[in-house]
Every structure is written in structure tokens, then in C-alpha cells.
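In what follows, a single structure is set out as C-alpha cells and then discussed.
2 protein chains.
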Amino acid sequence: MLHSSTIHESLTAVFQVRHFDGGPELAVLLWQRALDPQKGTWSLPGGTLRDEEDLTSSARRQLAEKVDVRDVAHLEQLSVFSDPKRVPGPRRIASTFLGLVPLTTDPTLPDDTAWHPVSRLPEMSFDHGIVVDHARVRLAAKLSYTNIAFALAPREFAMSTLREIYCAALGYDVDATNLQRVLNRRKVLMPTGTTASPGRAGGRPAALYRFTDSAIRVTDEFAAFRPRT
Amino acid sequence: MLHSSTIHESLTAVFQVRHFDGGPELAVLLWQRALDPQKGTWSLPGGTLRDEEDLTSSARRQLAEKVDVRDVAHLEQLSVFSDPKRVPGPRRIASTFLGLVPLTTDPTLPDDTAWHPVSRLPEMSFDHGIVVDHARVRLAAKLSYTNIAFALAPREFAMSTLREIYCAALGYDVDATNLQRVLNRRKVLMPTGTTASPGRAGGRPAALYRFTDSAIRVTDEFAAFRPRT
DNA sequence: TCAAAAGTGTTCGAATTACACCCATGG
DNA sequence: CCATGGGTGTAATTCGAACACTTTTGA
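Residue numbers (the UniProt record's numbering), protein chains in the order written: chain U, 1 to 229; chain E, 1 to 229.
See the structure below:
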């Protein structure tokens with residue numbers, strides 16, 4: 001059967017923990033549509049798949065070309081949106097992605113592009129709001145049983161910084177003591193031996209840590225029904 | 001940019017717990033290619049996406065039309081395979097799925113189609129072996145923190161039967177006592193009040209149970225870093 | 001010496017495993 | 001009454017939450 005033109009696009013929810021009024025928050029990168037359809041609404045970065053590239057390469061390329069974001073420490077597939085009527089005009093099948101950018105990088109963005117805290121999203125284009133929700137749920141889940149936080153953290157960091165990252169990404173408070181204990185038992189952190197100098201208010205200097213891996217790894221596979229040891 | 005013809009297809013790893021020599025095992029539905037390329041290798045059921053349907057409908061339709069499997073109790077997306085060279089000829093982007101069929105159904109299959117235990121897969125076509133691996137990992141993970149077993153179990157069943165299903169799907173032994181306790185605490189099972197008659201060797205009649213939900217539900221969300229209550 | 005921030009230790013409760021023991025039925 | 005399978009009770013262990021206490025710095 002011959003098909004009418006179907007476009008395959010990637011859409012990426014790029015997350016970064018950023019400082020807003022009221023402390024650090026999880027933010028997502030969006031650009032505002034200058035033209036109809038849905039002029040003025042905010043969209044996820046992405047674009048059309050080329051003949052010679054796969055979807056992951058395509059998503060990376062879109063981020064580098066269009067919004068100049070090159071420092072994506074982790075990128076993974078979410079689900080495919082394939083409803084024939086999800087956007088007006090010719091059919092567009094969207095493969096969606098979750099992308100993570102470390103705390104310290106601050107790319108220069110085009111004029112129409114900005115970081116938005118996920119707790120206060122603007123009016124979103126088409127089904128892009130659903131994609132952001134999926135990405136948040138996926139990130140929160142993986143923070144609990146993988147080392148995925150490596151992609152949100154700087155290369156070296158104090159435990160208090162890592163705690164801020166977890167709190168912002170999860171949307172609720174996490175105890176620094178237990179965070180350290182859990183990550184230590186799972187061997188996802190390494191002490192660097194160095195310390196940070198305390199702030200102007202004084203206080204004990206914080207030891208600096210680093211993630212042992214720079215790729216995602218499952219650290220707590222089974223909640224129940226483990227294989228017998 | 002105009003694209004050369006790109007076909008979008010669905011591929012589904014359909015799993016069922018079936019009886020083989022040596023007891024129940026997790027099995028996957030495969031068909032054998034009668035023509036080149038890769039004549040003789042075994043493939044997952046699937047096919048081309050139509051203009052008016054989304055991918056999930058397409059996957060369901062392929063299973064009903066081509067292998068006459070209608071009783072798919074659960075179907076969910078796995079990842080997309082989009083390498084331009086994943087198959088010879090025109091580009092085919094494959095959206096892959098995990099499908100589950102209850103223990104009791106036994107569909108009549110075409111001649112080229114058969115159930116294979118996942119522990120002893122035949123030579124697989126293209127990247128279809130990878131899809132089966134993804135599906136196994138996903139199923140094992142979700143057995144631990146969701147009620148997904150409802151889609152592998154008959155409507156009513158004894159705990160010993162459910163235990164066999166878990167053991168087969170996970171690939172290792174599970175304690176029946178703890179299985180019952182965990183599923184009870186999570187309120188995924190309901191007693192039916194009826195009992196099964198014992199086998200020829202005697203023994204106490206088994207109470208029959210039923211899953212409370214007939215759709216997937218997360219029953220144990222966070223392993224670590226729960227929100228404060 | 002005090003406040004602030006970092007790090008350590010301890011207790012409590014919940015979840016999971018492992019295993020012993022009791023119950024119901026057929027022969 | 002005994003073998004066979006179904007079901008219940010319980011100790012041991014592990015894990016995470018909560019919180020008090022100690023350590024190290026700047027003012």
C-alpha cells in the first residue's frame with residue numbers, strides 16, 4: 001500500500017535544575033511558536049528525521065542546531081505519539097525523548113527559547129504538555145532505582161548540592177543523610193578527596209563527590225520477588 | 001525536505017506462559033520467513049502502519065489478522081528501532097510492543113507460526129532477538145512493581161498456578177507464601193470464594209482468586225526516596 | 001564563643017525472605 | 001491414618017525515615 005506523506009519527528013523534553021525565585025526547580029526547555037497553528041503556544045525542541053540518521057542522532061542534532069544545547073548528558077526514548085490527528089496538516093509521528101543537562105552548563109539560547117519551571121508551564125502546543133508529564137514521571141522513577149542523577153549533577157559536587165538536585169527533580173524534600181547512605185551502599189558515588197570552601201556565613205567545608213559512572217546503570221533492580229541468592 | 005519512502009511498522013513480542021517438556025515456560029510467538037531476505041529465520045508478528053490508525057491499533061490489528069490472536073490482555077510500547085540500515089531495502093522504522101496473552105487461551109495458529117520458549121530461541125530475523133530481550137526485561141521489571149500478571153493469568157486461578165506463572169516469566173523460583181502476602185498487601189487479588197477440586201493424588205482443595213483490576217496499575221512506586229507522608 | 005553548615009550514629013518501623021507448622025482431602 | 005498439596009504463623013534480615021549529636025568553619 002502506498003502511503004501519503006508521513007513525517008517522522010523527534011520531540012525532546014530537556015530538563016535541567018535551575019535557580020528561580022524561591023530556590024532551585026526542575027526546568028524544561030521550550031520555544032514559542034511565532035506562526036500558526038497555535039501561534040504563541042510553547043513547544044518542545046525537535047524536528048524532522050533525516051534519511052541517513054536514526055532517531056537518537058536526530059534528537060541530538062536538533063538540540064545542537066536549533067537551540068545550541070550540546071551538553072546533553074543523558075538522552076532516552078519515551079513513547080511514540082502516533083494519533084493521525086495529533087497535529088493539523090500532514091501526518092507527523094513523534095518519537096519523544098527525555099534529555100538531561102547538568103546543573104552547571106548554561107547554553108546561550110535563541111530569542112524565542114527559554115527555560116520554564118515544570119511546576120508553572122505556559123500554554124503548550126498540541127500534545128507537548130503530555131510529553132513533559134511523561135518525562136517527569138520517568139525521571140522521578142529512575143532517580144529512585146538508577147544512577148540517572150549523574151546527568152543532572154556537575155562533575156564534582158557537595159552532598160548538599162546533590163540533595164537540591166534530587167529535591168528539585170522529585171518535587172519534594174529528600175533527607176541528605178539518607179541520600180548519602182543509599183547512594184554509598186549502591187556504590188554510585190566516589191569521594192574526590194577535595195573539599196569546597198564554605199560560604200560567607202561559615203560552616204564546615206563540604207567534601208566533594210563524583211558519580212562513578214557516566215552512563216545510566218540500574219542500581220536497585222527488584223523491589224519484590226528477588227531471585228534467591 | 002522530501003523524504004524517500006519510509007515505512008513505519010509495528011513489531012510485537014507476544015508472551016504467554018505455556019507447558020513444554022520440563023514444565024511451564026515463558027513463550028514468544030514467532031513466524032518463519034518463507035522468502036529472502038533471511039529465509040528460514042524467525043520473526044515477530046507485525047506489519048505496516050496504515051494512514052488512519054495509530055500504532056497500538058495497528059499492532060492489535062496485525063495480531064488479529066495475521067496470527068489470529070485476539071485475546072491480548074495487555075499491550076504496551078517498547079522502544080523504536082530506527083537505524084536506517086536495520087533491514088535491507090527501503091527504510092523501515094519499527095515501533096516495538098510487548099503483548100501478553102493469558103495462560104488459558106490457545107489460539108489456532110497459521111502453519112508458519114509457533115510458540116517458542118524464550119530460553120531456547122531459534123535464529124531470529126534482523127534485530128528481532130533484541131526486541132524479545134527488551135520485552136523480557138520489561139516484563140520481569142513490571143512483575144515486581146505492577147499488577148501486570150493479570151494479563152498472563154486466567155480469570156480465576158489457584159495460588160499455585162499464579163506461582164508457576166511468576167516463576168516461568170521471571171525465570172527463577174518464587175515462594176508461594178510470600179507471593180500471596182505481597183499481592184494481598186497491595187490489594188491486587190480478590191478471593192472468589194470458590195475452590196478447585198484436588199488432583200488425583202489428593203490434597204487440600206485450593207482457594208481460587210481473581211485479579212481486582214483488568215488494566216495495568218503501579219502497586220509499589222518508590223523503592224527509595226519516597227515523599228514524606 | 002556562637003551561629004551555620006556538614007557529617008555521623010542510633011532508633012524505629014516496614015517490607016521481604018525463609019522456614020516450620022497446621023489444615024483438608026483422597027486413597 | 002498417611003501421603004500430598006494448600007494455607008498460616010513467625011523469626012531473622014535488610015532497608016529506609018527520622019532525628020539527635022558531633023565536627024569544622026567564619027564572624
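Even glycine gets a Cβ: it sits at the ideal position worked out from N, Cα and C.
Environment of residue i [buried if 16+ CB atoms lie within 10 Å]
i: P198 (chain U); result: exposed
i: R200 (chain U); result: exposed
i: D54 (chain E); result: buried
i: K187 (chain E); result: exposed
i: T192 (chain U); result: exposed
i: T177 (chain U); result: exposed
i: L155 (chain U); result: Before going on, a small fix: residue 155 (chain U) reads as Arg here, not Leu. Result: exposed.
i: R204 (chain U); result: exposed
Whole-number beta carbon distance between residue j and residue i, since they are thought to touch under 8 Å
i: F150 (chain E); j: R86 (chain E); result: Their Cβ separation, rounded to whole angstroms, is 33 Å, which puts F150 (chain E) and R86 (chain E) out of contact at 8 Å.
i: P102 (chain U); j: D71 (chain U); result: 7 Å
i: V218 (chain E); j: T146 (chain E); result: 5 Å
i: P24 (chain U); j: V67 (chain U); result: With a Cβ gap of about 21 Å, P24 (chain U) and V67 (chain U) do not count as contacting.
i: L100 (chain E); j: F15 (chain E); result: 6 Å
Euclidean distance between Cα positions of residue i and residue j
i: T12 (chain E); j: D213 (chain E); result: 23 Å
i: Y172 (chain U); j: D220 (chain U); result: 21 Å
i: H19 (chain U); j: S95 (chain U); result: 30 Å
i: E76 (chain E); j: S5 (chain U); result: 26 Å
i: L35 (chain U); j: Y166 (chain U); result: 37 Å
i: A215 (chain U); j: H116 (chain E); result: 34 Å
i: I130 (chain E); j: V80 (chain E); result: 12 Å
i: residue 230 (chain E); j: A140 (chain E); result: Chain E is shown from 1 up to 229; residue 230 (chain E) falls before or after that span and cannot be answered.
i: L49 (chain E); j: L170 (chain E); result: 32 Å
i: P90 (chain E); j: D21 (chain U); result: 52 Å
i: V118 (chain U); j: H134 (chain E); result: 30 Å
i: H3 (chain U); j: S57 (chain E); result: Summary for H3 (chain U): the model assigns pLDDT 48, below 50, so the residue's position carries little reliability; its value from the coordinates is reported in the next sentence. Taking the straight line joining both Cα atoms gives about 17 Å.
i: P84 (chain E); j: P84 (chain U); result: 23 Å
i: L30 (chain E); j: L189 (chain U); result: 43 Å
i: residue 276 (chain E); j: P37 (chain E); result: A query on residue 276 (chain E) cannot be resolved here, the shown segment of chain E reaching from 1 to 229 and no further.
i: W42 (chain E); j: K142 (chain E); result: 26 Å
i: P88 (chain U); j: L98 (chain U); result: 24 Å
i: T108 (chain E); j: A114 (chain E); result: 10 Å
i: A224 (chain U); j: E164 (chain E); result: 16 Å
i: F211 (chain E); j: R60 (chain E); result: 23 Å
i: D112 (chain U); j: R120 (chain U); result: 18 Å
i: R185 (chain U); j: V69 (chain E); result: 46 Å
i: L179 (chain U); j: A196 (chain U); result: 19 Å
i: S82 (chain E); j: G202 (chain U); result: 54 Å
i: V132 (chain E); j: V132 (chain U); result: 28 Å
Reference residue i, options the options, closest by Cα
i: P122 (chain E); options: E:A207, E:N147, E:A27, E:F222; result: E:A27
i: A206 (chain E); options: E:I216, E:S160, E:Y166; result: E:S160
i: M124 (chain U); options: U:R217, U:E9, U:G40, U:L162; result: U:G40
i: S10 (chain E); options: E:Q16, E:R210, E:Q62, E:G22; result: E:Q62
i: F222 (chain U); options: E:D133, E:S119, E:V137; result: E:V137
i: D51 (chain E); options: U:P107, U:I93, U:T177, U:F15; result: U:I93
i: V182 (chain U); options: U:S144, U:P110, U:A196; result: U:S144
i: G47 (chain U); options: U:N184, U:Q180, U:L179, U:I7; result: U:I7
i: A153 (chain U); options: U:T108, U:L208, U:R204; result: U:L208
i: P227 (chain U); options: E:A196, E:D175, E:F225; result: E:D175
i: T194 (chain U); options: U:R120, U:H74, U:F157, U:L179; result: U:F157
i: R33 (chain E); options: E:V132, E:A196, E:I148, E:H128; result: E:H128
i: V17 (chain E); options: E:L162, E:D112, E:V69; result: E:L162
i: A73 (chain U); options: U:I148, U:D112, U:A196, U:N184; result: U:I148
_Segments assigned beta strand (DSSP E), at least 3 residues, entirely inside the region 136-218 of chain U_ = Taking only runs of at least 3 residues, the beta strand (DSSP E) segments lying wholly in the region 136-218 of chain U are 189-195, 207-211.
*For the UniProt domain "Nudix hydrolase" (10-139) of chain E, list the alpha helix (DSSP H) runs that are entirely contained and at least 4 residues long, ordered along the chain.*
Given a length threshold of 4 residues, each whole run of the alpha helix (DSSP H) inside the UniProt domain "Nudix hydrolase" (10-139) of chain E is given here in chain order: 55-66.
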